[in-house]
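Protein chains in written order, with my numbering: chain A, 255 to 1203; chain U, 71 to 634.
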Amino acid sequence: MRREYIILFAMLFTFCGFVAKAQQNDALSKDSVKTGKDTTNIIHEGLRNVESRRNTGAVFTLSGEELTRMTSGNLLNTLQGRIPGLTVVTGSGEPGYDNPTFYLRGQSSWNIAGNRVLIYLDGFEVNMNAISSLSAYEIESITLLKDASALAVYGLEGGAGVLAIKTREGAIMPKTKITLNGRYGVQSAIDLPTVMNAYDYTRYYNQALTNDGLPIKYANPDLYKATNDPFHPNVNWYDEVLGKTSTIQDYNLSFRGGNPTAKYFVLMNYTDFTGLYKNADAIDKDFGTNAEYNKFNLRGNVELQLSKNLSVKANITGITEDKNTPAGFTATELFNGLLGIPASAFPVKNPNNSWGINSVYNFNPVQRLQQYGVYNAHTRNLQTSVRFTEKLDAFVPGLDLSGGLSFSNQYIGNYIKSFTVPAYEISKNEQDEPNLDTDGNPVYITRGASSQGISEGEVSHWNRTTAQLGFNYNRTFGKQTFSGMLLAKKQNYSHNGLVYQIRTQGLSGNFTYDYDKKYIVDLSASYNGSDDFDKGNRYGFFPAIGLGWVASDEDFLKNSSVVDFLKIRASYGSVGNINENYRFLYEQWGVGAPGWIVGTGNSGKGGRTEGRIANSDASWEKKTTFNVGIDATLWKNLSATLDIFSERRSGILEIASADVPAYTGFDLPILNSGIVDNKGFEASLNYTKKATGFEYYIGASAAFARNKVIERSQDAQPYSYLYNTGYRLGQMRGLINSGFYQEADFDANGNLKSGVASSSYANVKPGDLKYADQDNNGIINDYDKIPIDYAKLPEVTLGFNLGFKYKRFDFDAFLQSALNRTVSLLDDVYIYTHPFVDNNNITAFSANSWTPATAQTATSPRLSTLANANNNQQSDFWLRNGNFLKLRSVELGYTLPQTGALKKLDVVRLYINGTNLLSWDKIDDLEAERLSMGYPLMKVVSFGLRMKF
Amino acid sequence: MKVTRYIIILMALGITLNACKKDFLDVKTVDADIAIDQLYANYNYVQGVVWNVYSYLPDGFNNLDMEAATDNAEATNVSSRAQIFNYGIWNQYGNPDDVWGRNFDGIRQANLYLKNKDKADINYIKDKITSTDSTTYFNARNNIKFMEGEVLFLKAYFYFELVKRYGGVPIFEEPFDYKDKEAWKNVPRNSADECLQYISTLCDKAAAIIPTNLGPYSWYEAGRVTNGAILALKSRALLYGASPLFKDLGSTVTWAQAAKAAYDVIHLNAYSLDASYGNLYGANNTTSPELIFYRRYGSINAIEYASFPIAFENSNGNSVTPTQNFVDEFEVLEKDGNGNITGAVPFDWNNSAHTANPYLNRDPRFAATVIYNDKTFKNSQIQTYTGGNSGLPKQNATKTGYYMSKWVNPTVDLINDTKTNHAWSYFRYGEILLNYAEAMFNAYGAEADPQAYGMTALQAINKVRQRVNMPAITASQLNQARIEHERNVEMGFENQRFWDVRRWKKGTVYFKAPVNRMEITKTGTTFSYAVKKLEDRSYEEKMNLYPIPQSEITKTNWSQNADW
């Protein structure tokens, strides 16, 4: 490490030397020293701030105001489609458990954690969870850093991109601005799956049994048409458990102001968000609860000018969240139950008012909801950062020293009150009628027992501390401007389940030069290291260069009536990516291993063995990016940005077994041997027209990223299409369906005729899925699975935005679309698409299943109660076009005239907002993003009020 | 004032960059894990290393389903891996019994131990001796010594697992060094004969280390390798080596050598047939004088969940059920008027006395292996007739009309999830006698004993029959078919059939024929029985050996086994 410090200081002194020299060279332009506070066009990029005109990197900034367009309990979900190049994969809709996943320019590593976008809040790294609970009203801007030029200062942490978030700050203004926002919304579920009623379930079940050559189970399905027969129930579990709507409310109050010595922004926020469960506390609120999420946010951003040269800034936010969910189930269990328990299985309550149950399902959703207790999770979030800036103009004009400390942590604890009570199954005979005791009452079988319990503990915690110290320099000499920074950074991160803290430290710097604001050179680099690697391999140097040319300032364009601004940018460089899941790969230890049971007492003896073979050269994954961009303003009103990129992720960690015979018996090391290429573009266009009393804007953005595996270790395959190499990450693969096996394919004995490909998965029957035999060997097996369409992660994201202001009205709408996306109904919605097997329910998917009569028109395989491995292979039968278009937000506002009592108020605006109101996709009956599995996604209609005074 | 501030700033700078004396990135300042040399030096760790080598022995109960890939049984679950064999759709790209890697992993673990065995340090025990009692030290010293024998045996076992499947495989004396790529890159296969000889040599070395009498070493836990286990492995290996399949592969092992190897176990006089055949599969089988080497599973009930007739709640339908082909193997006892056994004849579907009551008077091993219609099991009448409590068309009911009772402990209660001890037998004395009978018969005939072993082939086979009170056979009755029959009724569902049929090269006879089921119709109180075809089976001559996994062929450029 000493060597690293020497380099560090050498760099520092070189920098100082350069500064000193510059100072000597230019004694004239003292008054042209910039104050660095020209905030109008500064892009906040986390570790550095860049004047937008001098920016050479691929970045996209979204203003905080855009985020308020969506009503969501989770800030992260308001980013859907708003930032070209940021793929947001929607998570669950469950209150408080609804984080999405972010990808920068799609995916470039098969190690999922290697695609984790870094999040910076006010210049310091924080966890994703720290952002999800922030209020949209405290956000000033969100900037996505996409290329090497923007990311090089993040060094070995920047490989998957950075989302730099800046919160609102105070400003010098004559009086304190007080803003009050409130909104109240009504949510409802989007596209719950359609299940069949009890009559259809029972008659189709009988049909399935007949197909299997088994006797029918339901003597008379007609009995299930009755509406109120506890012995032949017809329960729609969705209706029993879910209400139609739930509410979301969000209120905040903020103060913003300042004078030359102190500036401040203070925000208080309360959010309350309830789930869809109904009558949860019908018995008692101790026994059941709706899903409830509420949080309080407090933020104080204060900046103090302590003296002429020294200023101190403190950003402090504290958030507490309370999440209540029923203790009887997880949301996934519950929604699988609602979908999977047949309408005919058992009544909610038996005739004697006890809970109904059935040993096969053993899950009465209503009982669980109302009787099984409360799961409470309490989250405390604290993020603080303190930063000082000391101007060193006295020594070197334009130079300042700044440093800061940040603590960011979260603790989630839980408190579970759980109860169980027995439920009672009605014993039935072979005629599907209840067995009666001598008194004529139904015979009940007791299932489960009573219990109560309480437990509490930690769910998770994390803590991140960062220290930064560095110099900034910015000075103009005539037509030339020099700016730069040098930053030393140390970071320490720990969380539950982690033995050794994750630590990084190093130096980052950049140097930007422009001539006449026309020709721009930006050099940036970092030299930083991580404790994940062996001594000697810890530190890496990550340089990048960016070039910019403001062509519109050239004589030939200066007077153009079309081109108002045109900048051409290019950048090239590399960054790294460390991955929490692959640490200390350079070490090999003796580890625990399976053992043997010996002795008359059968005592298990643990084994030991050599752990995974060390890879002393283990390193980070590296990403090298080339980016070309154009920023333009045309015809005054049209602004456009285009970025085209080509990047290569190399050194992707994998177990490279392809060249190592298994007879060696090695526990193979993890090597940096994979390569993935990723190419694409982002474009955005915005047209704004202002006229008196009327103003409108229309915008569109598109992002495209296509990756391709160049090198990935894989054992020998008989056919080239079986290799991963050459295809995208997560490429869908499957058999090609060629209809159903028909009766004509079988001989009189029920055996397949010769010439008809047989299945290696099961003995097929008429009505099973038939597949193309790619290798023509007469057997359908895994070698007939070919790449099909795309991956689940979309390659294309589109955004459309339009709005207007007319007199006192304003309107805004935003649509998002994802294209080149393929989803699998087999992987994601097995319960929905696989009736009866594993005691599944039957849904709308199977309404037109194969029978001899429907042989030509059937849309799903023959019904069967038995697992059918042949039909359960991935194939294009199960794959669906996953494209979708969603109206993410639409808002209509009206600003009241400042008359009468309102005169004292600056602004009073009322609005009605719709979030996720409409969507279009190609999948019948299911919502395209989450395929309607788990807690549903919600659409929201909300009413809001904004007052400023 | 101003100066002070700069001093503070500079101090802050210093603190940030050089906060602690130690390197900030050295998070692992204490070796909290076990270093590799410690693994082989520390006596406790070394013992763990040996236990780990044991863990690569086959998981017998998890391989019970492989019986359904023979004519003995059918898996109730259609997605059982056995069906891949039965359809004949396994190959070098996909083999549901692909244990290539597992056994070579075991061999590497064994070699790692053997390479480092001399590093074990027990001097600290010596240093602790305070009085004249040095028992602990001597025990440790002996334990260290025995470990080598155990590991040599285990290595031989892993090689045998490979050879019986793949024929010749490469022999490794040393564990490879990952860094020495040249050494491990292009290793040729050894011949099947070299492998068999090598297994024999390893057994000899191991047997020289583990004493025949472990009496004085009471600390040596039951379940570890014994001298008998080593000799039993050698007996089985040489029996295979002398068999037609391996002869074709160039094996130089003779039947006489195989007979000698079996005799060596008999000659130990350490084992005898258990008076109770059923005891071999029960909760107390590890105390049986017949068990030579076994794997303890402790208290479990997975077998019962899978195998209980489905009349019992929670039986999960993963049963492996005996076929009619297997049931027909069991002889019918002939009795005189007083109930005394007068003889035994093969079951005959053309014999109306047999068919009227097919489960009456069968070889006692039938009832110990098979649950059949109307048999009492767990105090219940098991009904496998059509419509019965455990018969078709109930879901997950047996497809064959039978359930397996071997290994299944009826005292287990699935509703209350109770468990009992189970131990899988790798070698038992009954097998040794049958190995001996087969080898002696092929070497010298039914009644010759030229080496004066004191037992002829006929005597050996009759000993096995006698234990279950089956009438002895005569010399003229003893032939290869009789041996095959006796091995199957004695050792059905013990993972022998799959391999025996292959080494005899009889797969196209036994495994290609359809398997049959029993359809029983109940009319009033009487049953009528009809044998129906259950399933066609697919088998080709090449399947006597497994194909080498294609991934290995690609990496080595070896030639594949014949016809694959």
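Using N, Cα and C, we set each Cβ at its ideal position, and we do this for glycine too.
What you are looking at is a predicted structure, and each value in this text was computed from that prediction instead of being measured.
(1) Helix, strand or coil for Y975/A? Go by DSSP, reduced to three states.
(2) Less than 7 Å between the C-beta atoms of I177/U and F228/U, yes or no?
(3) What residues of chain A sit near R294/U, judged by a beta carbon separation below 7 Å?
(4) Compare the beta carbon distance of E605/U and V390/U with 7 Å and say whether it is the shorter of the two.
(5) To the nearest angstrom, report how far apart A1045/A and I366/A are at their CA atoms.
(6) Could you tell me which of L232/U, S150/U, D318/U and L504/U sits nearest to A632/U, measuring between CA atoms?
(7) Measuring CB to CB, does F155/U end up less than 7 Å from F363/U?
(8) Quick one: residues in its chain with C-beta nearer than 6 Å to the C-beta of M1208/A, no 5 flanking neighbours on either side, listed in chain order?
(9) Do the CB positions of L741/A and S714/A come within less than 7 Å of each other?
(10) Kindly indicate which residue of Y941/A, L301/A, V1077/A and K859/A has the alpha-carbon position closest to the one of T895/A.
(11) Counting only runs that start and end within the stretch 776-859 of chain A, where is the alpha helix (DSSP H) found for 4 or more residues in a row?
(12) Counting only Cβ pairs nearer than 8 Å, list the residues of chain U close to G849/A.
(13) Quick one: list the residues of chain A neighbouring T624/U, beta-carbon separation under 8 Å, in chain order.
(14) List, in order along the chain, the chain U residues whose C-beta lies closer than 9 Å to that of P1089/A?
(15) Could you spell out where the beta strand (DSSP E) holding G368/U opens and where it closes?
(16) In chain order, what are the residue ranges of uninterrupted beta strand (DSSP E) at least 3 long that sit wholly in the stretch 586-667 of chain A?
(17) On the DSSP letters alone, give me the boundaries of the beta strand (DSSP E) that W477/U sits inside.
(18) When you compare only the Cα positions, how much space is there between K625/U and E1183/A?
(19) Could you tell me the alpha carbon to alpha carbon distance between A872/A and L1047/A, rounded to whole angstroms?
(20) Taking 7 Å as the threshold (beta carbon to beta carbon), is D647/A in contact with chain U?
(21) If the cut-off is 9 Å on Cβ atoms, which residues from the stretch 905-920 of chain A count as contacting chain U, listed in chain order?
(22) At a CB-CB cut-off below 8 Å, which residues of chain D make contact with F447/U?
(23) Would you verify that the beta carbon of S656/A is, or is not, closer than 7 Å to some beta carbon of chain U?
(24) Output the distance between the C-alpha atoms of S204/U and Y115/U, rounded to the nearest integer angstrom.
(25) Between which two residues does the alpha helix (DSSP H) carrying I502/U extend?
(26) If you reduce the DSSP assignment to three classes, tell me which class H337/U lands in.
(27) Around the Cβ of Q278/A, are there at least 16 other Cβ atoms within 10 angstroms (buried) or fewer (exposed)?
(28) Whose CA, out of N173/U, K464/U and F131/U, lies closest to the CA of S44/U?
(29) Report yes if the CB atom of G919/A is closer than 7 Å to the CB atom of W121/U, and no otherwise.
(30) Note down the Cα distance separating K284/A from T730/A, rounded to an integer number of angstroms.
(31) Rounded to whole angstroms, what's the CA-CA distance from G1198/A to D445/A? Just pull it up for me.
(32) Tell me which same chain residues have a C-beta within less than 6 Å of the C-beta of G436/A, skipping the five on either side of it?
(33) Three-state secondary structure (DSSP) at Q451/U?
(34) Can you tell me which residues form a DSSP beta bridge with S762/A?
(35) Provide the residue(s) that pair with T501/A in DSSP beta bridges, ordered along the chain.
(36) Give me the Cα-Cα distance between S639/A and D1036/A, rounded to the nearest whole angstrom.
Put simply:
(1) In the structure shown, Y975/A adopts helical secondary structure according to DSSP, grouped into three states.
(2) yes
(3) Neighbours of R294/U on chain A, chain order: V852.
(4) no
(5) 14 Å
(6) D318/U
(7) no
(8) Absent from the structure is residue 1208/A, since the part of chain A shown begins at 255 and ends at 1203.
(9) no
(10) Y941/A
(11) 809-812
(12) At a beta-carbon threshold of 8 Å, the residues of chain U lying near G849/A are G118, W121, N122, Y124 and S125, ordered along the chain.
(13) D969 and A970
(14) Those within 9 Å of P1089/A in chain U number zero; the least Cβ separation is about 15 Å.
(15) L361 to I370
(16) Inside the stretch 586-667 of chain A, DSSP marks whole beta strand (DSSP E) runs of 3 or more residues at positions 627-645, from first to last along the chain.
(17) W477/U -> no beta strand (DSSP E), and no H or E assigned at all.
(18) K625/U and E1183/A: Cα-Cα distance of roughly 42 Å.
(19) Taking the straight line from one Cα to the other gives about 29 Å.
(20) no
(21) S911, A912, D913, V914, P915, A916, Y917, T918, G919 and F920
(22) Looking for chain D here will not work: the only protein chains present are A and U.
(23) no
(24) 22 Å
(25) For I502/U, the enclosing alpha helix (DSSP H) covers residues Y499 to Y514.
(26) helix
(27) The pLDDT assigned to Q278/A is 41, lower than 50, so where the model puts this residue is not dependable, and the model offers no usable value.
(28) Since the first and last residues shown for chain U are 71 and 634, residue 44/U lies out of range.
(29) For G919/A and W121/U, no; Cβs fall outside 7 Å.
(30) The predicted model places K284/A with a pLDDT of 36, which falls under 50 and marks its position as unreliable, so this point remains unresolved.
(31) Between the C-alpha atoms of G1198/A and D445/A there is a straight-line separation of about 26 Å.
(32) Y505 and L1199
(33) strand
(34) L741/A and S780/A
(35) V440/A
(36) 55 Å
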